[in-house]
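Trainee: Here it is, the structure in full.
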Amino acid sequence: MSTTLWLTGLPSSGKTTLARALTDRQRPIRAVEHLDGDAVRKNLFPELGYDRADRMENIRRIGELALMLAAHGVLAVVSVIAPYRHARDQVRAAHEARGLTFVEVHVDAPLAVCAARDVKGLYALAERGQISGLTGVGDVYETPVAPDLRVDTAKQGVDECVRCIERTLAHLEHGSGVHA
Numbered sequence: 003m004s005t006t007l008w009l010t011g012l013p014s015s016g017k018t019t020l021a022r023a024l025t026d027r028q029r030p031i032r033a034v035e036h037l038d039g040d041a042v043r044k045n046l047f048p049e050l051g052y053d054r055a056d057r058m059e060n061i062r063r064i065g066e067l068a069l070m071l072a073a074h075g076v077l078a079v080v081s082v083i084a085p086y087r088h089a090r091d092q093v094r095a096a097h098e099a100r101g102l103t104f105v106e107v108h109v110d111a112p113l114a115v116c117a118a119r120d121v122k123g124l125y126a127l128a129e130r131g132q133i134s135g136l137t138g139v140g141d142v143y144e145t146p147v148a149p150d151l152r153v154d155t156a157k158q159g160v161d162e163c164v165r166c167i168e169r170t171l172a173h174l175e176h177g178s179g180v181h182a
C-alpha cells in the first residue's frame, strides 16, 4: 500500500507514543517508517525556527519525505504537531495528486491532560514565561475539521487507539472511504 498516516495534535497529546506502537505492530506486516516531527526537525531541518513561515515549511518538508516513502510502498507514519490546517491540507492534496493514500488522525487530548503529561517541560516553561509561542498556549493549533479518525488519548489507552487507527487504515487503504 502507498500510504502516509499523519498523526497531528497538541504537544504531549500522544502522537509519538501511538506512532511508535503502530510502527512496531506494522513492521512484521510491511515496510514502515516513523517520521517523528522533533527528530526530523532537529536532524534534517535545524535551520528552521518556530515562526509561522518556518512551521509551514517544516510541515511541507515532512510531507515531502512522507510522500517519497509512500511512493515507494513504505507506510510513512508521521507524528508531528502540524498546527495549521491549510498546511496539512496541502500535504494531503500532494499525496492524492500522486494517487497515494493519506490518512489524517487527530490525536486529541485536553490541554490540561497534555500539560500534565509534559515530558519535555514545555508547558511549564511557557507558564513561567521562559518560552513563547508554544502550540496550543501561545500559538494556534487549528483542530482538524474532518480527520479520517479522531482518537481521544485522555479516554482511550494506547492499544485501543492503535486498534482504531489500524481499522481506519485498513478501510481507507482498501477503498471503502469510511471515516471512523
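According to the numbering used here, the sequence shown is numbered sequentially starting from 3.
All C-beta atoms, glycine included, are put in the ideal place defined by N, C-alpha and C.
What separation, rounded to the nearest whole angstrom, lies between the Cα atoms of G75 and V93?
Mentor: 17 Å
Trainee: Compare the Cα-Cα distances from A128 to each of V105, H173, V139, I64 and report the closest residue.
Mentor: V139
Trainee: Exposed or buried, V80, counting other C-beta atoms within 10 Å across all chains shown (16 or more means buried)?
Mentor: Residue environment analysis places V80 among the buried positions, since at least 16 neighbouring C-beta atoms fall within 10 angstroms of its C-beta.
Trainee: Taking all protein chains shown into account, do 16 or more other C-beta atoms lie within 10 angstroms of the C-beta of E49, making it buried, or fewer, making it exposed?
Mentor: exposed
Trainee: For the alpha helix (DSSP H) containing H36, name the first residue and the last one.
Mentor: Premise fails: H36 lies in the beta strand (DSSP E), 34-38, not in any alpha helix (DSSP H).
Trainee: Quick one: Cα of D161 to Cα of Y52, how far?
Mentor: 32 Å
Trainee: Return the chain-ordered list of same chain residues with a C-beta closer than 6 Å to the C-beta of G16, the five sequence neighbours on each side being excluded.
Mentor: V109, T155
Trainee: Taking a contact to mean a Cβ-Cβ separation below 8 Å, would you say T10 touches A96 in this structure?
Mentor: no
Trainee: Are R90 and E106 closer than 8 Å when you measure CB to CB?
Mentor: Yes, the pair counts as a contact, with Cβ atoms nearer than the cut-off.
Trainee: From A78, V42, A111, P13, pick the residue whose C-alpha is nearest to that of L171; which is it?
Mentor: When only C-alpha atoms are compared, the closest one is A78.
Trainee: Report the CB separation of L102 from A126 in whole angstroms; it is logged as a contact under 8 Å.
Mentor: Not quite, the Cβ-Cβ distance comes to about 39 Å (not below 8 Å), so this is no contact.
Trainee: Just tell me which of G135, F104, D141, L20 has its CA closest to the CA of H176.
Mentor: F104
Trainee: So, is A114 buried or exposed, given that buried needs 16 or more other C-beta atoms within 10 angstroms?
Mentor: Burial call: exposed.
Trainee: Which residues bound the alpha helix (DSSP H) around V93?
Mentor: V93 -> alpha helix (DSSP H) spans 87-99.
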